[in-house]
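*Asks:* Residues in the sequence shown are numbered from 0 upward in steps of one, following numbering that gives the first Met the number 0.
Every residue, glycine too, gets a C-beta built ideally from N, C-alpha and C.
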Amino acid sequence: MFVPGNRERFLEKVYELAPAPDAVFFDLEDGVIPPEKATARTMVARALREERPGPLRSVRINAVGTNWFRADMEAILGGGLEAVCVPKVESAADLEPVVALLDDADPAEAVRIVATIESAAGLLRAAEIAGAHQRILAVMFGAEDYALDLGLPAKREAEAADLVYARSATVVAATAARVLPIDGVFPDLDDREGLLREVVQARRLGFTAKATFNPRQVPVINEHFSPTADELEYARRVADAFAEASRRGDASVAVGGQLVDPPIVHRAEALLELAQRLGTGPVAKGT
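Here it is in C-alpha cells:
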C-alpha cells in the first residue's frame, strides 16, 4: 500500500490496519507535491528508523534523473529499509544508479528493488528490466502513467481491455525472471465492483499482488489474492490422487473428469504451499 511520505498520521496508522497490507510503500514521488519533498524525506527516514513488526517496508523514490533522486536515496539508506520502489523504469540502465548506491550502503544485498513499468518503452524492455539484477524483488505495472503515455481513456471501462496486453506482458516478463509481478492501483475509491472485477482479473492474469493507496481496498485485495476454500480442496484432491497414482506407477490420473499430469500437480502443490505460508484454509489447520 502506498502511503504519502509527508502525512505523519498516515505513516503511523498504516501499522494499525486490519487486515494489514503485505508491504508498505512510503511515497516520495507522485503522492508528494514538490514543495513537500524535503519534509517527506525527513519524515520517511524517521519512520524507517523506528523498529516495527509488520509489513515489508519500502520507499517509492523519485525517478532516476530527477532532481530529487539522489537526495531521496541518501535519506532512506540505513536502518529499516527493505526495498526501494523505482518508478518510471524504461531500461535496465535506469536501475544502475540505484544499484550502485545500494551496493555502497548495503553490500550484503538485503535491500531489494521493485521496478515499476509505466510506459510503452518500459513495457518493450520488461524482460530486460525484470532480469537486470539479483536485487530485483518484483516488477510492478503502473497503469495510470502507461495509459497517459499511450493516450488511453482516463476512465477505465469494464474489464479494462486496453490494459490487458500490457498487464499480461508484465506478468510474463516477471515470471520468466523469477520475480514477483505486482498489478498497479485501481484509482476509483468508490467503485467497489470495479475494484473487485480488476482484482479477480489480475489474479487470473498471473499477478501475485496488487497495489493500492487506500486502506478500504486492502480487504478486497487480500481476500482475492488468497486461495479460496474450493481451490484448496481441489488442490488437495489433485495432490492426493497423483500421489496414489504414482504409487501405482501411473504418470497421470483423472480428478473430477480432468486429466491431471505433473504440471497441474505442481500448480496444486504451489497453491497448497501458499496457503500454508498465509496461514489460511483447511491446509493451515492440518486437515
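Please list, in chain order, all residues of the same chain as L162 whose beta carbon is under 6 Å from its beta carbon, the five residues on each side excluded.
*Replies:* Working through the sequence shown from its first residue, we reach residue 162 at position 163. Excluding residues within five positions, the ones whose Cβ falls inside 6 Å are A142.
*Asks:* Short check: CB of V63 to CB of D93, under 9 Å?
*Replies:* To locate residue 63, count along the sequence shown from 1; it is residue 64. To locate residue 93, count along the sequence shown from 1; it is residue 94. Yes; because the gap between Cβ atoms is below 9 Å, this pair is in contact.
*Asks:* Between P18 and P226, is the Cβ-Cβ spacing less than 9 Å?
*Replies:* In the sequence shown, the residue the question calls residue 18 occupies position 19. In the sequence shown, the residue the question calls residue 226 occupies position 227. Taking 9 Å as the Cβ cut-off, P18 and P226 do not qualify as a contacting pair.
*Asks:* What residues in its chain sit with their C-beta under 6 Å from that of D187, if we drop five residues either side in the sequence?
*Replies:* Residue mapping note: residue 187 aligns to position 188 of the sequence shown, counting from 1. Cβ neighbours of D187 beyond the five flanking positions: G193.
*Asks:* Could you give the DSSP three-state label for P281: helix, strand or coil?
*Replies:* The residue given as residue 281 occupies position 282 in the sequence shown. Note on P281: pLDDT 39, under 50, position unreliable in the model; the coordinate value appears next. It is helical.
*Asks:* Got a sec? Which residues, its chain only, sit under 6 Å from A46 by beta carbon, not counting five neighbours each side?
*Replies:* The residue you call residue 46 lines up with position 47 of the sequence shown. Excluding positions up to five away in sequence, the list reads L10.
*Asks:* Kindly indicate which three-state DSSP category V264 falls into: helix, strand or coil?
*Replies:* The count along the sequence shown starts at 1 and reaches residue 264 at position 265. Three-state result, V264: helix.
*Asks:* Relative to the alpha-carbon of M139, which residue among E35, H223, R6, E117 has its alpha-carbon at the smallest distance?
*Replies:* For this step, residue 139 is matched to residue 140 along the sequence shown. Closest in C-alpha terms to M139, from the list E35, H223, R6, E117, comes E117.
*Asks:* Quick one: any contact between the stretch 172 to 188 and the stretch 236 to 244, if contact means 3 or more CB pairs under 8 Å?
*Replies:* no
*Asks:* What separation, rounded to the nearest whole angstrom, lies between the Cα atoms of G285 and L16?
*Replies:* Position 286 of the sequence shown, counted from the start, is the residue given in the question as residue 285. Position 17 of the sequence shown, counted from the start, is the residue given in the question as residue 16. Caution is warranted here: a pLDDT of 30 is assigned to G285, below 50, making its placement in the model unreliable, and no coordinate value can be reported.
*Asks:* Can you give the beta carbon distance from R319 to P20, rounded, assuming they're within the 8 Å contact cut?
*Replies:* Given that the chain is displayed from residue 0 to residue 286, the structure contains no residue 319 and the question cannot be resolved.
*Asks:* Hey, out of P152, L271, E127, D103, whose CA is closest to G77's CA?
*Replies:* As a first step, residue 77 must be located in the sequence shown, where it is residue number 78. It is D103 whose Cα lies nearest to the Cα of G77.
*Asks:* Using DSSP's beta-bridge definition, name the partner residues of L55.
*Replies:* The residue given as residue 55 occupies position 56 in the sequence shown. Per the DSSP secondary-structure output, L55 pairs in a beta bridge with A22.
*Asks:* Does DSSP classify K87 as helix, strand or coil?
*Replies:* Locating residue 87 in the sequence shown gives position 88, counting from the first residue. Coil at K87, not helix or strand.
*Asks:* State the Cα-Cα distance for the pair T41 and S167, rounded to the nearest angstrom.
*Replies:* Translated into the one-based positions of the sequence shown, residue 41 becomes position 42. Translated into the one-based positions of the sequence shown, residue 167 becomes position 168. Going by the C-alpha atoms only, they are around 37 Å apart.
*Asks:* How would you write the range of the beta strand (DSSP E) that V259 sits in, first residue to last?
*Replies:* As a first step, residue 259 must be located in the sequence shown, where it is residue number 260. Looking at the DSSP string, the run of the beta strand (DSSP E) that includes V259 is 257 to 259.
*Asks:* Which residue spans inside the stretch 107 to 143 form an unbroken beta strand (DSSP E) run of at least 3?
*Replies:* 111 to 116, 135 to 140
*Asks:* Quick check on P3: buried or exposed, where buried means 16 or more other Cβ atoms within 10 Å of its Cβ?
*Replies:* Taking the sequence shown and counting its residues from 1, the one referred to as residue 3 is at position 4. So P3 ends up on the buried side.
*Asks:* Following the continuous beta strand (DSSP E) through F9, name the residue where it begins and the one where it ends.
*Replies:* As a first step, residue 9 must be located in the sequence shown, where it is residue number 10. It is not in any beta strand (DSSP E) - F9 instead sits in the alpha helix (DSSP H) that spans 7 to 12.
*Asks:* If you reduce the DSSP assignment to three classes, tell me which class P186 lands in.
*Replies:* Residue 186 sits at position 187 when you count from the first residue of the sequence shown. Residue state, collapsed to three classes: coil.
*Asks:* Only counting the same chain, and skipping five residues up and downstream in sequence, which positions put a Cβ closer than 6 Å to that of D144?
*Replies:* Position 145 of the sequence shown, counting from 1, holds the residue named residue 144. These residues qualify, in order along the chain: E117.
*Asks:* Buried or exposed for D182, going by 16 or more other Cβ atoms inside 10 Å?
*Replies:* Position 183 of the sequence shown, counting from 1, holds the residue named residue 182. Taking all protein chains shown into account, D182 has 16 or more neighbouring C-beta atoms within 10 Å of its C-beta and is therefore buried.
*Asks:* Hey, quick one: how far does the beta strand (DSSP E) through P3 stretch, first residue to last?
*Replies:* Position 4 of the sequence shown, counted from the first residue, corresponds to residue 3. Per DSSP, P3 belongs to the beta strand (DSSP E) from 1 to 3.
*Asks:* I'd like the ranges of any alpha helix (DSSP H) spanning at least 4 consecutive residues and lying wholly in the stretch 178 to 247.
*Replies:* 191 to 204, 217 to 223, 228 to 247
*Asks:* Taking the alpha carbon of I220 as the reference point, which residue from A70, V199, R247, E232 has its own alpha carbon closest?
*Replies:* Taking the sequence shown and counting its residues from 1, one reaches residue 220 at position 221. Comparing Cα positions, the closest option is V199.
*Asks:* Taking 9 Å as the threshold (C-beta atoms), are T38 and N5 in contact?
*Replies:* Within the sequence shown, numbered from 1, the residue matching residue 5 stands at position 6. Within the sequence shown, numbered from 1, the residue matching residue 38 stands at position 39. If you check the CB distance, N5 and T38 come in under 9 Å.
*Asks:* Put A92 into one of helix, strand or coil per three-state DSSP.
*Replies:* The residue given as residue 92 occupies position 93 in the sequence shown. A92: helix per DSSP, three-state reduction.
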